[in-house]
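Below is one structure, written out as structure tokens, with a few remarks after it.
Number of protein chains: 2
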Amino acid sequence: MTITDVARHAQVSTTAVSKVLRNAGGVSEAMRAKVRAAIDDLGYRPHNAARAMRGRTFTIGVLLPHIRNPFFADIIDGLTDEISASGYQAIMVQSGGRDPAAERRASDALVDRQVDGVFWVAPACARAQLEQLADDTPLVVLGRHDRSSRYDCVLDDDEVGAELAVEHLIGLGHRRVAHITDSLRSRSTALLQTIRAATYERVMTEHGLAEHIAVASTSYTEEGGYEGTRELLSRDPRPTAIFAGSDQAAFGALAAVHEAGLTVPGDISVAGYDNARVTGLAHIALTSVDQDGALMGRTAGRLLLERIGGRTAAVRFSVTPTLVTRRSTAPPDPRLEGRTPDW
Amino acid sequence: MTITDVARHAQVSTTAVSKVLRNAGGVSEAMRAKVRAAIDDLGYRPHNAARAMRGRTFTIGVLLPHIRNPFFADIIDGLTDEISASGYQAIMVQSGGRDPAAERRASDALVDRQVDGVFWVAPACARAQLEQLADDTPLVVLGRHDRSSRYDCVLDDDEVGAELAVEHLIGLGHRRVAHITDSLRSRSTALLQTIRAATYERVMTEHGLAEHIAVASTSYTEEGGYEGTRELLSRDPRPTAIFAGSDQAAFGALAAVHEAGLTVPGDISVAGYDNARVTGLAHIALTSVDQDGALMGRTAGRLLLERIGGRTAAVRFSVTPTLVTRRSTAPPDPRLEGRTPDW
DNA sequence: ATGAAAGCGCTAACAC
DNA sequence: GTGTTAGCGCTTTCAT
Chain A
7 MTITDVARHA
17 QVSTTAVSKV
27 LRNAGGVSEA
37 MRAKVRAAID
47 DLGYRPHNAA
57 RAMRGRTFTI
67 GVLLPHIRNP
77 FFADIIDGLT
87 DEISASGYQA
97 IMVQSGGRDP
107 AAERRASDAL
117 VDRQVDGVFW
127 VAPACARAQL
137 EQLADDTPLV
147 VLGRHDRSSR
157 YDCVLDDDEV
167 GAELAVEHLI
177 GLGHRRVAHI
187 TDSLRSRSTA
197 LLQTIRAATY
207 ERVMTEHGLA
217 EHIAVASTSY
227 TEEGGYEGTR
237 ELLSRDPRPT
247 AIFAGSDQAA
257 FGALAAVHEA
267 GLTVPGDISV
277 AGYDNARVTG
287 LAHIALTSVD
297 QDGALMGRTA
307 GRLLLERIGG
317 RTAAVRFSVT
327 PTLVTRRSTA
337 PPDPRLEGRT
347 PDW
Chain B
7 MTITDVARHA
17 QVSTTAVSKV
27 LRNAGGVSEA
37 MRAKVRAAID
47 DLGYRPHNAA
57 RAMRGRTFTI
67 GVLLPHIRNP
77 FFADIIDGLT
87 DEISASGYQA
97 IMVQSGGRDP
107 AAERRASDAL
117 VDRQVDGVFW
127 VAPACARAQL
137 EQLADDTPLV
147 VLGRHDRSSR
157 YDCVLDDDEV
167 GAELAVEHLI
177 GLGHRRVAHI
187 TDSLRSRSTA
197 LLQTIRAATY
207 ERVMTEHGLA
217 EHIAVASTSY
227 TEEGGYEGTR
237 ELLSRDPRPT
247 AIFAGSDQAA
257 FGALAAVHEA
267 GLTVPGDISV
277 AGYDNARVTG
287 LAHIALTSVD
297 QDGALMGRTA
307 GRLLLERIGG
317 RTAAVRFSVT
327 PTLVTRRSTA
337 PPDPRLEGRT
347 PDW
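One line per chain: the protein sequences are A and B, in this order.
So for the first sequence, the numbering used here puts the first residue at 7; every next one is plus one.
So for the second sequence, the numbering used here puts the first residue at 7; every next one is plus one.
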């Protein structure tokens, strides 16, 4: 079942069919109707590989570090929603996130498959690699702070978000506020974990709490939050609040706190980041920085379609996060603040 | 950079290069070496679309209902692990899971992109649709119980798993054990949610607890577990234990229980199903039926590669689940069992 | 064992 | 506005 069959069945040329298929101009209404009828008659579907040889694949490649984070699901739902009417199909590939070689392979795999555009969530590679990719194919990057004139960026203001969380905890009366970050760093300050961690330190310092800065450098996963919290809890005195750099890490933190026989927020307050749609449904409703993943996903989809459509000027879309206060944060127990007086 | 460039650089024919590329026979060792050198020299990567026109795409299509379930992540990790050395690349597409038309579109999208094989996780469509797909391309299905001679099945024994969970709760002394299931049903008994629910009813009945059967039919998601539990808690007398058909639903259940001012396992025991790798790290460590997602993913990968390699005989791989007991289940509070005596 | 050449199904430049 | 036709890069006969 090829374009030739459709052309024969409709008694027209393959060119005409091709034009109708691509919604290209230069076809009469009558022609369009005839061709559409033939396509429906025959149940014809264009051969993607053949199209890829000369033109579009109508495929958008999505690179995700992994699929364990429900916040990514929010983003993808937004993207899918935005592109669903366009005839484009999103295909997702795991980039691994922590192994540069694996990440590169995943990116190459999409280029090799001739995707019409790439949506890359939280790339860990160097900016140069992104720009190189952007020269090949339209690119939208989510969650990086470095600027580029060759691809679009969608991000939230992580400095504002981290500040909201830390100010919230300090405002509740906490002094020993600890932080869990992701150990993956680049030399630049482009990675969101770097910015969240730096902001944490800045706000602590501004409040005269520099001596209480305590960072566990693990990862933004449940395991990372769990391990990081175990480490933080072993310090003396232990923190009374933990700002985890992601909700997943915060959930791991809750597990570690509970396992240590402590309560949240009685003994320790815990705040997260992302506020994925399900975060409010957690057993301990988690205080979290909200960055509207669905909106970011939708925007990324729109920007990518625009780029595929020919736009070359770079766009930077930044979401301002807000704090959603729930039950996992509360003022510290006065007895836990500072060392026990001597008298 | 095409195969012609490589051929010219190596001073051989394109045929020779093609053979080396595909590890086909009929090439001398010297030829092979020359060609490989040229490929390395030029940094050549085969053009996937061109290959797809005549041969393989070296791509495996994965259909997932969504990416919100960490158990799926376990499965995908297993799959990726298994196929990583084979030169195949997995691309994932969301099937939506609940809308038959969307599911069909997702499946078509993979066929259109000429994937060499499809791995379909928890399809909701009719068996006929699976067989039709299997006629087009090698297919491995995960989580369906209907048998077919045309594709391979990977599944766990959901009857055993559900029995383990319900027997565990009854064994602890619970009588009012409720169940949360997924409302998506097919006419056949092929869907795992149907089997888990039917087994729950069977075991309850066998223990003379038919009158206490209580099923909330929502979905296997956090939201589904939350809504289902709210409904179950509104009954009088309310259940003392809930067997949720998935861990995600169980997490939603925990939230609803907590929100109702009740405790787990003090007032209500909660058991789940799947035991994804992170389940043990939840704030309330969840009792769950373990079905080794990574093993299932690895097996699916192996079976698919075998099928792509030419096997046509159908294989059915079934995992026997086990119960992992954690802190979310305990004997019921005696005061909650039965109505208060009259004396 | 090696190479020449015919397509695979489509798009786009070009002719009418 | 419509049709003819030359490729896109690869695999695969079929000669040699």
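Glycine included, C-beta positions come from ideal geometry on N, C-alpha and C.
Residues of chain A with a CB under 7 Å from the CB of residue i: which are they?
i	result
Pro76/B	Arg74
Asp118/B	Arg51, Asn54
Leu260/B	His289
His264/B	His289
Can you pull the chain B neighbours of residue i, defined as C-beta to C-beta under 9 Å?
i	result
Tyr232/A	Leu287
Ile82/A	His72, Ile73, Gln100
Tell me which residue opens and which closes the beta strand (DSSP E) that residue i is part of.
i	result
Tyr279/A	275 to 280
Ser294/A	293 to 296
Asp122/B	No beta strand (DSSP E) contains Asp122/B, which DSSP labels as neither H nor E.
Ala306/A	Counting along the chain, Ala306/A falls outside any beta strand (DSSP E), though it belongs to the alpha helix (DSSP H) covering 299 to 314.
Val41/A	It is not in any beta strand (DSSP E) - Val41/A instead sits in the alpha helix (DSSP H) that spans 35 to 48.
Val146/A	145 to 148
Leu161/A	158 to 162
Gln100/B	95 to 100
Thr328/B	328 to 330
Report the three-state DSSP secondary structure of residue i (helix, strand or coil).
i	result
His72/B	coil
Leu215/B	coil
Arg345/A	Model confidence at Arg345/A stands at a pLDDT of 45, short of 50, so the residue's coordinates are unreliable; what they give is reported in the following sentence. Three-state result, Arg345/A: coil.
Leu139/A	helix
Ile9/A	helix
Arg57/B	helix
His185/B	strand
Gly84/A	helix
Ile89/B	helix
Ile201/A	helix
Ile66/A	strand
Ile248/A	strand
Val321/B	coil
Ser223/B	strand
Val209/A	helix
Mind listing the chain B neighbours of residue i? Cutoff is C-beta to C-beta under 7 Å, in chain order.
i	result
Ala115/A	Gln95
Glu228/A	Val284, Leu287
Met302/A	Going along chain B, no residue has its Cβ under 7 Å from Met302/A, so there is no contact; the nearest lies around 16 Å.
Can you tell which of the options has its C-alpha closest to the C-alpha of residue i?
i	options	result
Thr326/B	Thr195/B, Ser19/B, Gly299/B, His213/B	Gly299/B
Ser155/B	Arg322/B, Asp11/B, Leu198/B	Arg322/B
Pro271/B	His218/B, Thr305/B, Trp126/B, Leu175/B	Leu175/B
Arg38/A	Gly67/A, Arg51/A, Asp47/A, Ala22/A	Ala22/A
Asp253/B	Asp188/B, Glu109/B, Pro340/B, Met59/B	Asp188/B
Ser294/A	His213/A, Asp164/A, Val209/A	Asp164/A
Asp122/B	Tyr94/B, Ala112/B, Arg110/B, Val99/B	Tyr94/B
Arg57/B	Arg28/B, Leu48/B, Arg42/B, Asp46/B	Arg28/B
Gly167/B	Thr235/B, Asp280/B, Met7/B	Asp280/B
Ile186/A	Arg119/A, His15/A, Ala171/A, Cys131/A	Ala171/A
Ala82/A	Ala91/A, Ala96/A, Thr195/A	Looking at the sequence itself, residue 82/A is Ile, so the reference to Ala does not match. Nearest of Ala91/A, Ala96/A, Thr195/A to Ile82/A, Cα basis: Ala96/A.
Taking C-beta pairs closer than 8 Å, name the residues in chain A that residue i reaches, listed in chain order.
i	result
Thr65/B	Arg119
Ala79/B	His72, Ile73, Arg74
Ala203/B	Chain A residues near Ala203/B: none, gap ~23 Å exceeds 8 Å.
Given 8 Å as the limit, tell me if residue i has its C-beta closer than that to any heavy atom belonging to the ligand GTP.
i	result
Gly214/B	Absent from the structure shown: the ligand GTP. Ligands present: none.
Name the two residues that bound the continuous alpha helix (DSSP H) containing residue i.
i	result
Asp114/A	106 to 118
Val263/B	253 to 265
Leu239/A	228 to 239
Thr285/B	Element bounds for Thr285/B: n/a, residue is neither H nor E.
Leu27/B	20 to 27
So residue i contacts chain A; which residues on that side make the cut at Cβ distance below 9 Å?
i	result
Phe257/B	Val284, Leu287, Ala288, His289
Since residue i meets chain B, which of its residues come closer than 8 Å, beta carbon to beta carbon?
i	result
Glu165/A	Within 8 Å Cβ-Cβ: nothing; Glu165/A doesn't reach chain B, min ~29 Å.
Thr86/A	Gln100
Ala58/A	Asn54, Ala55, Ala58
Cβ pair count under 8 Å reaching 3, the region 241 to 250 of chain B against the region 271 to 286 of chain B | yes
When the Cβ atoms of the region 68 to 84 of chain A are set against those of the region 65 to 79 of chain B, are three or more pairs found closer than 8 Å?
-> yes
Between the region 258 to 271 of chain B and the region 227 to 246 of chain B, are three or more C-beta pairs nearer than 8 Å?
-> yes
For the region 330 to 343 of chain A against the region 298 to 314 of chain A, are there 3 or more C-beta pairs whose distance is under 8 Å?
-> no
Looking at C-beta atoms only, is the number of pairs between the region 208 to 216 of chain A and the region 135 to 148 of chain A that lie closer than 8 Å three or more?
-> no
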